[in-house]
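Take a look at the structure below.
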Amino acid sequence: MKQLVLDLGAEPVHTLESFEVGRNAEVAALMRQFAARTSREHFAYLWGEIGAGKSHLLKALAATEGARYISPFSIESEFVYSPEVDLYLLDDCEKLSPVAQIDAFALFNEIRANGAFMVCSGAVPPAVLPVREDLRTRMGWGLIYQLHGLTDDEKVAALSQAAASRGLTLSPGVLPYLLSHFQRDMRSLSSMLDSLDQYSLETQRPITLPLLREWLQAEAKD
Numbered sequence: 001m002k003q004l005v006l007d008l009g010a011e012p013v014h015t016l017e018s019f020e021v022g023r024n025a026e027v028a029a030l031m032r033q034f035a036a037r038t039s040r041e042h043f044a045y046l047w048g049e050i051g052a053g054k055s056h057l058l059k060a061l062a063a064t065e066g067a068r069y070i071s072p073f074s075i076e077s078e079f080v081y082s083p084e085v086d087l088y089l090l091d092d093c094e095k096l097s098p099v100a101q102i103d104a105f106a107l108f109n110e111i112r113a114n115g116a117f118m119v120c121s122g123a124v125p126p127a128v129l130p131v132r133e134d135l136r137t138r139m140g141w142g143l144i145y146q147l148h149g150l151t152d153d154e155k156v157a158a159l160s161q162a163a164a165s166r167g168l169t170l171s172p173g174v175l176p177y178l179l180s181h182f183q184r185d186m187r188s189l190s191s192m193l194d195s196l197d198q199y200s201l202e203t204q205r206p207i208t209l210p211l212l213r214e215w216l217q218a219e220a221k222d
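In structure tokens form, the structure reads like this:
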């Protein structure tokens, strides 16, 4: 086989349009305002479970002109304010090291002083983040939203729509089987569907539950 079932492959392109909104319509609307730099609030903090879409939104915003994505493991210079950058995206705040927390604190102050924008994300609300108190306070400066993951029905609908847009026809049992047997975040499910599509093309057979099971057996042997 050319691709393993759990090989998530290349980093996908993140856009605001490809974000599966679900119950997060208000957050999605706010992120569009941050992308256009029209939000009345200059700070926002997003929190939620793994796979809810926090990193997706931050990386989508990072693709806009004058934006910078910062991970907890970014080099020190990435935490330094730059006049040419007016939108900063700080991801996975609960993973910030003590040194990175100091740098993030300074960056918050510079952003506020210069009227720039910032969106942060974390696994938990700012009030219970495992970071220094003064940084925790700054992460609560603006709007705080919990991102809600998609329900199983919403995941099936989103994957079905993605498959239809590529001209794929799935038998009714394929997506529920994937949801009940494998990683449940949308990135993993989408990657598995891509791999199954490739197998379908190679075997010149439609995507059915028997084909899915056969493909999984073949992957297990490789």
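Here the sequence shown stands for residues 1 to 222, numbered as in the UniProt record's numbering. For each residue, glycine too, the CB sits at the ideal point set by N, CA and C.
For the pair of segments examined, the stretch 177 to 190 was found to touch the stretch 158 to 167: the number of CB pairs separated by less than 8 Å reaches three.
Sorting G51, N114 and D134 by C-alpha distance to the C-alpha of S121 places G51 at the top. When rounded, the separation of the alpha-carbon atoms in V85 and A220 is 47 Å.
If you look at Q161, you'll find it in the alpha helix (DSSP H) that goes D152 to S165.
With a 10 Å radius around the Cβ and a threshold of 16 neighbouring Cβ atoms, P126 comes out buried. Non-local beta-carbon contacts of S55 in its own chain, meaning distances under 6 Å to residues more than five positions away in sequence, involve D91 in chain order. I75 and W141 have their alpha carbons spaced roughly 25 Å apart. In this model, I102 and E94 are separated by some 14 Å (Cα to Cα). For the pair T169 and I207, the CB atoms are nearer than the 8 Å cut-off. Taking all protein chains in view, the Cβ of A29 is surrounded by fewer than 16 other Cβ atoms within 10 Å, so the residue is classified as exposed. In its chain, beyond the 5 residues on either side, P206, I207, T208 and L209 have a beta carbon closer than 8 Å to the beta carbon of S171. Non-local C-beta neighbours of V119 in its own chain, meaning closer than 8 Å and more than five positions away in sequence, comprise M31, F34, F43, A44, Y45, L46, L57, L58, L61, L87, Y88, L89 and L90, ordered along the chain.
When secondary structure is reduced to three states using DSSP, R136 falls in the helix class. The three-state secondary structure of I111, taken from DSSP, is helix. The residues F34, R37, S39, H42, F43, D86, L87, Y88 and I111, in chain order, have a CB closer than 8 Å to that of F117 in the same chain once the five nearest residues on each side in sequence are set aside. Restricting attention to G167, L196 and R166, the CA atom closest to the CA of Y177 is found in L196. The stretch 18 to 75 contains, as complete alpha helix (DSSP H) runs of 4+ residues, the segments 25 to 36 and 54 to 62 (chain order). Separation of E202 and W215 (C-alpha to C-alpha, rounded to the nearest whole angstrom) is 11 Å.
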